Amino acid sequence: MNTPKTALITGASRGIGKAAAECFGKHGYNLILTCHRSVIDLENLAKALETAYPISCRPIQADMGNEADVERLFAGISELDVLVNNAGMAHFGLLSDMTSAQWHRVMAVNLDSCFYTCRAAIPLMLKKHQGRILNVSSVWGTQGASMETAYSASKGAMNAFTKALAKELAPSNIQVNAIACGVIDTAMNACLSPEDADTLRNEIPADRFGTAEEAADLIFKVAHAPAYMTGQIITIDGGWYT
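Each residue of the sequence shown is one higher than the one before, starting from 529 at the first, in my numbering.
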């Protein structure tokens, strides 16, 4: 009988993170799930997954952009097979109006969090001489978006982080890849007005927004891709920037 694998998914209370938790749970992974604010939602998700599948699921409140929170999180983790860095935040507005505090917060949640989690996860994966790290990025990391300079910069840095770390860890049989999402129908995009949503949808060849489940399915598949695939930024955007 195979020993169940363990996956840590950050930002798992809703959207892509929640869908990823459901996908990995369905396939028998024991789960460690984090969120910053929506604790009740996360706890309810954990209970539902443990009821539906023969797995263990630990919900943990943590600010992934806070080094002390991440250290506390990993103090309770003894083994890890898959790390999904999904926690993130958006910021919409002119760069000239952005405060230093807002800039640093976006960078902390979207980029520093990857450094903190990867640094802590690598020794756990080295013990097994295997592991998978998946970073949830964005098409804005390669294309850039007006009024979202900080977000674009953080995701562009995440892409470079992914490629560099993949080279560093390839000799240790640890694969590092990123999923660059286009417009996914999640709460992060709920701020769009109906008019803006329609305009954006018309730009996408698939003529719709992606679903969290589609993004989660790709995350799971990349986590089980051949070991020779590493350092890749894989886009899921309905043909938008293909």
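Idealized CB from N, CA, C, for every residue including glycine. Quantities reported herein were computed from a predicted structural model and do not represent experimental measurements.
Check, Outcome
"Reduced DSSP category for Ile738 - H, G, I as helix; E, B as strand; rest coil", "The question names Ile, yet the displayed sequence has Gly at residue 738. Here Gly738 sits in strand by DSSP."
"N-terminal and C-terminal residue of the alpha helix (DSSP H) that Ile560 is part of", "Segment 558 to 563 is the beta strand (DSSP E) holding Ile560; no alpha helix (DSSP H) there."
"Entirely enclosed alpha helix (DSSP H) segments - the stretch 682 to 733, minimum 4 residues", "722 to 731"
"Arg660 - containing beta strand (DSSP E), residue span", "659 to 666"
"Per-residue DSSP class, three states only, for Gln671", "helix"
"Under 8 Å between C-beta atoms of Gly738 and Gly710", "yes"
"CB of Leu652 within 8 Å of CB of Ile712, strictly", "no"
"Pick from Pro587, Ser566, Tyr644 that is closest to Ala549, judged by C-alpha positions", "Pro587"
"Gln589 in three-state terms, based on DSSP", "strand"
"Nearest-angstrom beta carbon gap, Ile707 and Val750 [assumed within contact, 8 Å]", "7 Å"
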